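Note that the sequence shown ends on residue 445 in the working numbering; no numbers are left out.
This report refers to the structure that appears directly beneath it.
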Amino acid sequence: MSVNINQNYLKLNESYLFSEIARRIRVWQQEHPELADKLIRMGIGDVTRPLPKTVVEAMVKASREMGEAETFRGYGPEQGYDFLKEAIQKYYGRFGVDLRQDEIFISDGAKSDLGNILDLFDKDNSVVVTDPVYPVYVDTNMMDGRKIIYAMSSEENGFLPLPKNEYRADIIYLCSPNNPTGAVYDREGLTKWVEFARAHGSIILFDAAYECFIVDDYPHSIYEIPGAREVAIEFCSLSKKAGFTGTRCGYTIVPDTLERDGGNLNKMWLRRQTTKFNGVSYITQRGAEAVFTEAGEKEIEENISYYRENARILTDTMDKLGIYYTGGKNSPYVWLKCPGDMDSWDFFDKLLQEACVVGTPGAGFGKSGEKFLRLTAFSTHEKTKEAMERFEKLISGLKMDQIQGV
Ligand code: PLP
Numbered sequence: 040m041s042v043n044i045n046q047n048y049l050k051l052n053e054s055y056l057f058s059e060i061a062r063r064i065r066v067w068q069q070e071h072p073e074l075a076d077k078l079i080r081m082g083i084g085d086v087t088r089p090l091p092k093t094v095v096e097a098m099v100k101a102s103r104e105m106g107e108a109e110t111f112r113g114y115g116p117e118q119g120y121d122f123l124k125e126a127i128q129k130y131y132g133r134f135g136v137d138l139r140q141d142e143i144f145i146s147d148g149a150k151s152d153l154g155n156i157l158d159l160f161d162k163d164n165s166v167v168v169t170d171p172v173y174p175v176y177v178d179t180n181m182m183d184g185r186k187i188i189y190a191m192s193s194e195e196n197g198f199l200p201l202p203k204n205e206y207r208a209d210i211i212y213l214c215s216p217n218n219p220t221g222a223v224y225d226r227e228g229l230t231k232w233v234e235f236a237r238a239h240g241s242i243i244l245f246d247a248a249y250e251c252f253i254v255d256d257y258p259h260s261i262y263e264i265p266g267a268r269e270v271a272i273e274f275c276s277l278s279k280k281a282g283f284t285g286t287r288c289g290y291t292i293v294p295d296t297l298e299r300d301g302g303n304l305n306k307m308w309l310r311r312q313t314t315k316f317n318g319v320s321y322i323t324q325r326g327a328e329a330v331f332t333e334a335g336e337k338e339i340e341e342n343i344s345y346y347r348e349n350a351r352i353l354t355d356t357m358d359k360l361g362i363y364y365t366g367g368k369n370s371p372y373v374w375l376k377c378p379g380d381m382d383s384w385d386f387f388d389k390l391l392q393e394a395c396v397v398g399t400p401g402a403g404f405g406k407s408g409e410k411f412l413r414l415t416a417f418s419t420h421e422k423t424k425e426a427m428e429r430f431e432k433l434i435s436g437l438k439m440d441q442i443q444g445v
């Protein structure tokens, strides 16, 4: 007798992108120890600004409550405390989205729920992801052995693929503003996906992790689109919004109106969560509640503005150099076309070796990324400026090389 393992794990691609980046940096550092302190990391996907004071104070207060018999709390509701759900409900109200509190589920971040939600779906379902893609969507489905269809994107569609007949699938992942491309769907684009899902009985898993970066008139939530309540589940996170990458809190919206195959997905998700999850800590949820207060929002806006300014420095440089890119304005990511038709890893190496700047090669996010590089706005102003000055010099040199080469 022996245990049968989930063979799908053996078929997963090595999660190779960030380890390969780290390896190439190590090799470069060994070859150029004198340049070690010149390195600027523009590939960081993690925030760098600390938690807002209001959030910290709320968590300190909550910690004290936990230390007193009168205010101590043990297990909380698996789906989150009402005080936080109410704050989120009000936040959605600003976009004209009416949610019931029992449609909001507090999570320890978007990544876990993006994976966990698949518990509700049969392994035979087919899946569409847009390419380039946040790798979690692909790997979590590969673990279950689902068939994955890639909706390719490119300069032609502005990295915002729209539905086509061949993308008919049971589950459709959309991420807007997108990681890695920073591209954002407008109402018209999202409406096409919602109508497509309604026509085919699909479910859209909508990742809104970067909605807080939107400044222009784009939907923050898929539920701003009429008819989305019958086809979509939405995932959101306080990671990038409020610096919660290490603190861990997010939320998932499963409308009560979402029914498939004799099941109500809201009730199924509640059953799943109450069985397999024991909730986010009280202290964290009090910190999360503070995110939505007036003082919290003001402090958060300062942090987000800081990253926005970095994004502006990045896009100004691309505009000046005439380089095609998406993202930047409504997103912390700038997705740029590698100059001189270079492959993304070649350009990564060139940028590292000649400018001591680290980006993320687009190829790591899928085939559509092979000639692209992702830069992020999560560094400091000083480093971002310095990186872009070096980038400019590099590109000017590259142009000269090309001229010399002719
Ligand atoms: N979704 C996208 C598109 C992301 O880029 C990330 C994190 O980088 C996440 C979800 C994960 O968010 P969380 O930190 O809430 O798990």
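Glycine included, each C-beta is placed from N, C-alpha and C at the ideal position.
Here the structure is a predicted model, which is why all the values come from computation and not from measurement.
(Q) Looking only at its chain, what residues have a beta carbon closer than 7 Å to the beta carbon of Ala329, apart from the 5 residues adjacent to it on each side? (A) Thr93, Val94, Ala97 and Gly335
(Q) Quick check on Gly401: does DSSP put it in helix, strand or coil? (A) Note: Gly401 maps to helix in three-state DSSP.
Q. Buried or exposed: Arg394, going by 16 or more other Cβ atoms within 10 Å of its Cβ?
A. Position check: residue 394 holds Ala in this sequence, whereas Arg was assumed. Ala394 comes out buried.
Q) Since Asn290 is in the beta strand (DSSP E), which residue starts that stretch and which ends it? A) Looking at the sequence provided, one finds Tyr at residue 290 rather than Asn. Residues Gly289 to Ile292.
Q: Compute every distance between the C-beta of Arg287 and the non-hydrogen atoms of the ligand PLP, then say whether any falls below 8 Å.
A: Arg287: yes, Cβ under 8 Å from the ligand PLP.
Q: Report whether the distance from the Cβ of Ser151 to the nearest heavy atom of the ligand PLP is below 8 Å.
A: yes
Q: Give a single yes or no on whether Phe283 has its beta carbon closer than 8 Å to a heavy atom of the ligand PLP.
A: yes
**Q.** Separation of Phe411 from Trp67, as counted between CA atoms
**A.** 21 Å
Q) Is it buried or exposed for Met33, if we count other Cβ within 10 angstroms and need 16 for buried? A) Outside the modelled stretch of the chain, which goes from 40 to 445, sits residue 33, for which no answer is possible.
Q: Go ahead and pull the three-state DSSP assignment for Asp170.
A: Of the three classes helix, strand and coil, the one that applies to Asp170 here is strand, per DSSP.
Q: Determine the direct distance from the alpha carbon of Ser435 to that of Gly444, and round the result to whole angstroms.
A: In this predicted model, Gly444 has a pLDDT of only 40, less than 50, meaning its place in the structure is not dependable enough to derive any value.
(Q) Using a Cβ-based criterion (distance less than 8 Å to any ligand heavy atom), does Ser276 qualify as near the ligand GTP? (A) Ligands in the displayed structure: the ligand PLP; the ligand GTP is not one of them.
Q. Is the region 376-384 touching the region 219-234 in the sense that three or more CB pairs, one from each, lie closer than 8 Å?
A. no
Q: Please indicate yes or no: does the CB of Asn218 lie closer than 8 Å to some heavy atom of the ligand PLP?
A: yes
(Q) Just to confirm my understanding: we take Ile352, look at its own chain, exclude 5 residues before and 5 after, and list those with CB closer than 7 Å. What are they? (A) So the list reads Thr423, Lys424 and Met427, once near-sequence residues are dropped.
Q) Under the rule that 16 or more other beta-carbon atoms within 10 Å means buried, what is Asn317, buried or exposed? A) exposed
(Q) Please determine whether the Cβ atom of Lys279 lies at a distance below 8 Å from any heavy atom of the ligand PLP. (A) yes
Q: Can you grab the Cα-Cα spacing for the pair Asp388 / Ile83, in whole Å?
A: 17 Å
Q. If you check the beta carbons only, do Trp232 and Leu213 fall under 9 Å apart?
A. Yes; because the gap between Cβ atoms is below 9 Å, this pair is in contact.
**Q.** Residue nearest to Phe144 in terms of C-alpha spacing, selected from Arg80, His420, Glu269 and Leu123
**A.** Leu123
Q | Secondary structure of Arg133, DSSP reduced to three states | A | coil
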